[in-house]
Each structure stands twice: as C-alpha cells, then as structure tokens.
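For reference, the structure discussed in these notes is given below.
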Amino acid sequence: MIAHRRRQHPSRVPVLTVLIGSLWLAGCASSNSLSPQSNPAAADAYTQLGVAYLERDNLPRALNALDRALEIAPRYAEALQALALVYQRQGESALANDYFQQAVDAEPDYTRARNNYAAFLYSQGQFNAACEQLETASEDAQYANRAQLFTNLGQCYLALEEFDKSRARLERAQSIDPRNPRGYLMLAELEYSQGNYPQAWAPLQTYLQLAEPNQAALEMAVDIAQARGEHSDAADYQRLLGND
C-alpha cells in the first residue's frame with residue numbers, strides 16, 4: 004500500500020491572497036462619501052499622496068497625508084481604508100479594525116475595502132467575520148477581481164471546515180474566470196485534504212496547465228497519480244520536483 008503524504012490543511016494558510024498592493028495601481032474606486040462641503044479634490048489629493056507613500060512603505064508620511072485627508076473629509080472611505088492598511092502594517096490591530104469598519108460603514112458598497120478588511124480579519128483568525136465581509140462583497144457583480152474574491156471566500160470557508168460552502172464558492176470563481184489558476188489549486192487542495200483524490204485530479208491538472216508548477220502542487224500531483232495507479236505520471240511529476 005502506498006503511504007500518501009498528507010499536506011498541511013489549506014485552512015492553515017496564514018492570510019488570504021488578496022491584491023492589497025496592486026489594487027491601488029488599478030486606479031481609485033469612486034467614493035460617494037465625500038460631501039460637496041468637504042473639498043473633495045483636496046481630500047482625494049491627500050489620500051492619493053498617502054497611498055503613494057504606503058506603496059513605498061513610508062508609513063509615517065502615509066499616516067500624515069491620510070490624517071490630513073480625514074481632517075478635510077472625516078468620512079472619506081478611501082482614506083479610511085488606506086489608513087487601516089497603514090495601521091495593519093504597523094501592527095496596530097485595534098486601530099486597523101476600527102478604520103476598516105469606519106470605511107465600510109461610510110460606504111457600504113466599497114467592495115475593495117471589504118475585501119481588504121476580510122483579509123485583515125482572516126489574518127487575525129476571525130474567520131466567521133472574514134467570511135461575512137466577503138459574502139457581502141461578492142454581491143458586487145461589477146467588481147473587477149470578483150473571481151479572486153470568490154476564491155478568497157472559498158478559502159475562508161475552508162478555514163471554518165465548511166467544505167460544501169467552500170467548494171461552491173471555488174466553483175463559482177471558476178465560472179466567473181475559467182483562467183484564474185488559484186481557484187483550481189484551492190479546489191484541488193480541498194478535495195485532496197478530504198481524501199477525494201479522483202475529484203482533486205481534474206482541477207489540479209487545470210492549475211498545472213495555467214500556472215507555473217510549484218513544489219506544493221507537484222507533490223500533490225505525485226500523491227494523487229500514485230493513488231490512481233498512474234505510476235508513469237507520478238514519475239514524471241517526481242522528475243519535475245528534482246527528486247529522481
């Protein structure tokens with residue numbers, strides 16, 4: 004009998020894979036939380052200055068610029084969530100949570116803030132709260148990174164060991180963007196962690212076609228191929244691992 008390596012349960016992944024950094028590069032989300040009296044141009048200028056400093060990891064200057072933006076417009080959601088990210092980087096978890104909450108309260112349809120808030124909550128081990136934020140965010144059919152969002156939601160439910168919900172969200176991610184590789188890998192890991200090797204094989208193969216093979220995926224492919232009795236395939240993946 005073949006002794007299969009049981010990989011670390013994917014729910015132990017420390018944080019959700021979100022595009023916190025690159026999201027800023029895609030352009031700023033429109034915000035409805037600026038009032039005409041709040042000098043929106045000035046608030047937005049200070050916010051973008053703060054974001055630029057945040058991207059360069061100059062946190063003190065980012066903090067100063069974002070504080071200035073919020074002096075002008077205290078409920079500017081984009082500045083609030085950027086400030087939350089600054090505090091998250093500084094390890095100020097209570098402040099980060101407070102400003103994320105203020106951002107989604109100020110603008111409930113600000114999907115990017117909810118996604119980043121969910122990543123923060125997940126990193127704090129607050130899986131239920133993270134899933135709730137992602138469920139709300141997933142209702143935004145116009146969100147550019149919606150497939151990634153559903154993949155995050157699948158991972159979140161996996162952390163809660165709600166496997167049916169996880170599987171459904173990961174399959175939803177595939178239907179939204181059939182070429183998003185991470186959703187296939189997460190689905191393969193879900194089935195693999197449950198010992199469902201036949202169900203894990205197809206999404207794993209799709210992932211290996213779409214993405215550069217990594218060690219974890221190749222090790223899983225070796226195990227599943229051996230379990231299926233496909234020893235030639237197992238040997239091929241073993242060679243790719245460099246473990247001839």
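For what it's worth, this note's numbering labels the leading residue of the sequence shown as 4, then goes sequentially.
Glycine is no exception: its CB is placed at the ideal position from the N, C-alpha and C atoms.
Predicted model, so just to flag it, every value in this text is computed and none were measured.
Spatially closest choice to residue i from the options, by CA coordinates
{"i": "residue 158", "options": "209, 141, 181, 134", "result": "134"}
{"i": "residue 171", "options": "69, 103, 77, 138", "result": "138"}
{"i": "residue 99", "options": "109, 105, 92, 87", "result": "87"}
{"i": "residue 96", "options": "120, 108, 110", "result": "120"}
{"i": "residue 123", "options": "149, 65, 85", "result": "85"}
{"i": "residue 164", "options": "175, 131, 149", "result": "131"}
{"i": "residue 219", "options": "234, 243, 205, 102", "result": "243"}
{"i": "residue 160", "options": "125, 143, 231, 199", "result": "125"}
Residues near residue i in its chain [Cβ-Cβ closer than 7 Å; skip 5 each side]
{"i": "residue 166", "result": "193, 197"}
{"i": "residue 71", "result": "49"}
{"i": "residue 46", "result": "37, 72, 75, 76, 79, 82"}
{"i": "residue 109", "result": "36, 78, 80, 83"}
{"i": "residue 203", "result": "191, 194, 195, 227"}
Per-residue burial, residue i [other beta carbons within 10 Å of its own, 16 or more giving buried]
{"i": "residue 63", "result": "exposed"}
{"i": "residue 191", "result": "buried"}
{"i": "residue 39", "result": "The predicted position of residue 39 is uncertain, since its pLDDT is 46 and thus under 50; a value taken from the coordinates is nonetheless stated next. Its Cβ having fewer than 16 others within 10 Å, residue 39 is exposed."}
{"i": "residue 59", "result": "exposed"}
{"i": "residue 212", "result": "exposed"}
{"i": "residue 151", "result": "buried"}
{"i": "residue 229", "result": "buried"}
{"i": "residue 178", "result": "exposed"}
{"i": "residue 181", "result": "exposed"}
{"i": "residue 201", "result": "exposed"}
{"i": "residue 145", "result": "exposed"}
{"i": "residue 106", "result": "buried"}
{"i": "residue 186", "result": "buried"}
Check: residue i C-beta below 7 Å from any heavy atom of the ligand HEM
{"i": "residue 235", "result": "Ligands in the displayed structure: none, and consequently the ligand HEM is not present."}
Cβ-based neighbour list, residue i, same chain, cut-off 6 Å, excluding 5 preceding and 5 following
{"i": "residue 241", "result": "225"}
{"i": "residue 52", "result": "68"}
{"i": "residue 136", "result": "117, 120, 121"}
{"i": "residue 65", "result": "53, 56, 57, 89"}
Cβ neighbours of residue i in the same chain (closer than 8 Å, five flanking residues each side left out)
{"i": "residue 188", "result": "206, 207, 210, 214, 220"}
Next item on the list: Determine contact between the stretch 104 to 117 and the stretch 81 to 96, defined as no fewer than three beta-carbon pairs at a distance below 8 Å.
Entry: The stretch 81 to 96 and the stretch 104 to 117 touch, with three or more beta-carbon pairs separated by less than 8 Å.
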